[in-house]
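In my numbering, each number is its position in the first sequence, counted from 1, plus 61.
Report on one structure; see the data block that follows.
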Amino acid sequence: MKQSQLFTRTKKEAPSDEVAKNAQLLIRAGFIHKEMAGVYAYMPLGLRVLENIKKIVREEMNAVGGQELMMTTLQPKEIWEKTDRWDDAKVDNWFKTKLANGAELGVGLTHEEPIVDAVSNYLNSYKDMPFAVYQIQNKFRNEKRAKSGLLRGREFLMKDMYTFCRDQAQHEQEYEKIVAAYYKVYDRLGLGDITYRTYADGGIFTPRFSDEFQTLSEVGEDTIYVDEKKRVAINEEILTDENLEKLDLKRDELVQKKGVEVGNTFHLESKYTNALDLYYSDENGEKQSIVMGCYGIGVSRLMGVVAELFADDKGLVWPENIAPFAVHLLNLGENEEAEKIYAELKSKGIEVLLDDREVSAGEKFADSDLIGIPWRIVVSKKSLAAGGIEVKKRSENESKIMTVEALLQMLNK
RNA sequence: CGGGGCGUGGUGUCAACGGUAGCACGAGUGAUUUGGGAUCAUUUAGACAGGGUUCGAAUCCCUGCGCCCCGACCA
């Protein structure tokens, strides 16, 4: 894409109403637009990042057999009444609305009930299980306090998966398969080393512990205690001697950290299926309860976490897997040569943003640093005289001159 | 939801004593300029909303709305 065509612009200054680094940088660089507190729109650059994260999540969910679908945002209240999650006294962050005829509706904040309802049309027998379905969709939660840019919003993008199993043993197998897939997702996002499976309170979902996936960060809302050796952590919420013993953790081997919850997995047991009257027939034709699990990944939150964690004082620094473009090609007064290189890189399937704007070199460099595309390539009189193009990684300080062929080789194209 | 802070052009501003709304950035135009947000000229554009006090309100008061922070909450 040519930068002269990009309708968003960078800003020198961050808006005064944002304190969170992720929001400041993403807004300055033109990735997101704040609609209101906790509600952000994704501009072309931001959408590219979001789509790249979705692609990774999708690939890993598909790899463990997940079937993608898309549920609705508008929800009939009846199914939520059956599980006792409609009442504001029970669930206080619903957005609710009404049909013209006065019927109450909910605006989707999670999807256990509608999924069970939809699945009930097809699930009858033990032969139908196990299976997993998921969607990547906006969720709406009336948070009393939105904060920290993309980290806690009222409208946000989430991947939510649901498994259906015939018994607890089958469920445990599915569950661990998905947990393994979660690790892969975080690895591919470059967060693997600092993301811990963390025991936590299952809330009203389940009597058992749930697992959270916590990425270490000072901006995190959660206090967790990490066991570095075992690569697990326990959320402060459930840090009691009794729980430590249950989980085989020792207090003096734990280190206190701050974490951002980038995912979670819950054992739902039969709570929702029973409440919505969904059962299956076993081999003997006897009616049995279904064991369910649910699994979330905060897709837009992950974008905020990555923006926040990898940034430096000049701007964003995107990991190659999710960067909006692979290469930022800066043309410093060498139009013909720049266009040629742009065409060549594109022909090899490389995503390139060509800065063909009529602005000063300094502005191009500053914008390039702010936008944070992994590879910066400069075509200028100076680089051509030195024998080619200047190549620099956003995450490193040194640049070197090389030929386009050498660059292609380095990028494995 | 409790507490605190704050609302001035598109953006920023610990700019303005209750008395002419200023500066910078951006954007437009023209010129010069191309290795770190370059320079000059010129133009553009503003008090969150409603009420009150006052001869006079950006400034004081009330109400509402919005935003940020701390806490509580967070399926």
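Beta carbons are placed, not taken as given, at the ideal position from N, Cα and C, and that holds for glycine.
Rounded Cβ spacing between residue i and residue j (contact assumed at less than 8 Å)
{"i": "L390", "j": "S441", "result": "The pair is not a contact, with the Cβ atoms about 11 Å apart (cut-off 8 Å)."}
{"i": "F274", "j": "R258", "result": "6 Å"}
{"i": "E235", "j": "C226", "result": "6 Å"}
{"i": "L415", "j": "A427", "result": "Not a contact, Cβ separation roughly 17 Å."}
{"i": "K220", "j": "G354", "result": "That belief does not hold up - the Cβ atoms of K220 and G354 are roughly 14 Å apart, past 8 Å."}
{"i": "E79", "j": "I88", "result": "6 Å"}
{"i": "I351", "j": "L339", "result": "6 Å"}
{"i": "L166", "j": "K138", "result": "7 Å"}
DSSP three-state assignment for residue i, whether helix, strand or coil
{"i": "A164", "result": "coil"}
{"i": "D248", "result": "helix"}
{"i": "W7", "result": "Because the chain spans 62 through 474 in this model, residue 7 falls outside it and cannot be assessed."}
{"i": "E96", "result": "strand"}
{"i": "I351", "result": "coil"}
{"i": "K319", "result": "strand"}
{"i": "E273", "result": "strand"}
{"i": "S77", "result": "coil"}
{"i": "L337", "result": "coil"}
{"i": "A84", "result": "helix"}
{"i": "D153", "result": "coil"}
{"i": "G126", "result": "coil"}
{"i": "K143", "result": "helix"}
{"i": "H328", "result": "strand"}
{"i": "D283", "result": "strand"}
{"i": "R258", "result": "strand"}
{"i": "V172", "result": "This sequence places His at residue 172; Val is not what is there. Correct three-state label for H172: coil."}
{"i": "D178", "result": "helix"}
{"i": "N203", "result": "coil"}
{"i": "E297", "result": "helix"}
{"i": "D189", "result": "helix"}
{"i": "Y183", "result": "coil"}
Closer than 7 Å: residue i CB and nearest the ligand GDP heavy atom
{"i": "E344", "result": "Judged by which ligands are present, the structure shown has none, so any question about the ligand GDP falls away."}
Proximity below 8 Å, CB of residue i to CB of residue j
{"i": "E297", "j": "V316", "result": "no"}
{"i": "G365", "j": "L431", "result": "no"}
{"i": "F156", "j": "N203", "result": "yes"}
{"i": "A242", "j": "M132", "result": "no"}
{"i": "E303", "j": "Y223", "result": "no"}
{"i": "L212", "j": "N83", "result": "yes"}
{"i": "S361", "j": "L472", "result": "no"}
{"i": "T144", "j": "Y341", "result": "no"}
{"i": "A193", "j": "G127", "result": "yes"}
{"i": "V321", "j": "G281", "result": "yes"}
{"i": "L86", "j": "A368", "result": "yes"}
{"i": "L445", "j": "E405", "result": "no"}
{"i": "I299", "j": "D272", "result": "no"}
{"i": "L100", "j": "G214", "result": "Note on identity: in this sequence residue 100 is Val, with Leu being the wrong assignment. Yes. Within cutoff."}
Residue range of the alpha helix (DSSP H) that includes residue i
{"i": "V413", "result": "V413 -> not in any alpha helix (DSSP H); beta strand (DSSP E) instead, spanning V413 to D416."}
{"i": "Q470", "result": "V465 to M471"}
{"i": "A427", "result": "A422 to I432"}
{"i": "M104", "result": "Unbroken run through M104: none, as it is neither H nor E."}
{"i": "Y403", "result": "N396 to S408"}
{"i": "M364", "result": "V360 to F371"}
{"i": "N304", "result": "D302 to K307"}
Neighbourhood of residue i by C-beta, 7 Å cutoff - its chain only, sequence neighbours within 5 removed
{"i": "D452", "result": "Looking at the sequence itself, residue 452 is Val, so the reference to Asp does not match. Only W436, I438, S460, K461, M463 and L468 meet the Cβ criterion."}
{"i": "K238", "result": "V125"}
{"i": "T276", "result": "L252, I255, T256, G320, V321, V323 and V366"}
{"i": "S186", "result": "Y341 and S342"}
{"i": "G91", "result": "T69, R70, T71, M104 and L106"}
{"i": "I140", "result": "E174, P175, D178 and L337"}
{"i": "L67", "result": "P105"}
{"i": "S209", "result": "A81 and V280"}
{"i": "N154", "result": "L170, R202, N203 and E204"}
Boundaries (first-last residue) of the beta strand (DSSP E) holding residue i
{"i": "W436", "result": "W436 to S441"}
{"i": "E457", "result": "Note, E457: premise wrong, no beta strand (DSSP E); not H, not E."}
{"i": "T133", "result": "No beta strand (DSSP E) holds T133; DSSP gives it neither H nor E."}
Close Cβ partners of residue i (< 8 Å) along its chain, the five nearest in sequence each way excluded
{"i": "T134", "result": "V168, G169, Q198, N199 and F201"}
{"i": "E279", "result": "K319"}
{"i": "A336", "result": "K143, T144 and D145"}
{"i": "K454", "result": "P435, W436 and R437"}
{"i": "L305", "result": "I295, K311 and R312"}
{"i": "S331", "result": "S350, I351, V352 and M353"}
Sequence-distant residues of the same chain with beta carbon closer than 6 Å to residue i, five excluded per side
{"i": "E381", "result": "P435"}
{"i": "N113", "result": "I383"}
{"i": "A102", "result": "H94 and E96"}
{"i": "A447", "result": "I462"}
{"i": "L363", "result": "I114 and V323"}
{"i": "R418", "result": "Q64 and S65"}
{"i": "P385", "result": "L106, R109 and V110"}
{"i": "L130", "result": "V194 and Q196"}
{"i": "A422", "result": "L393"}
{"i": "Q231", "result": "P191"}
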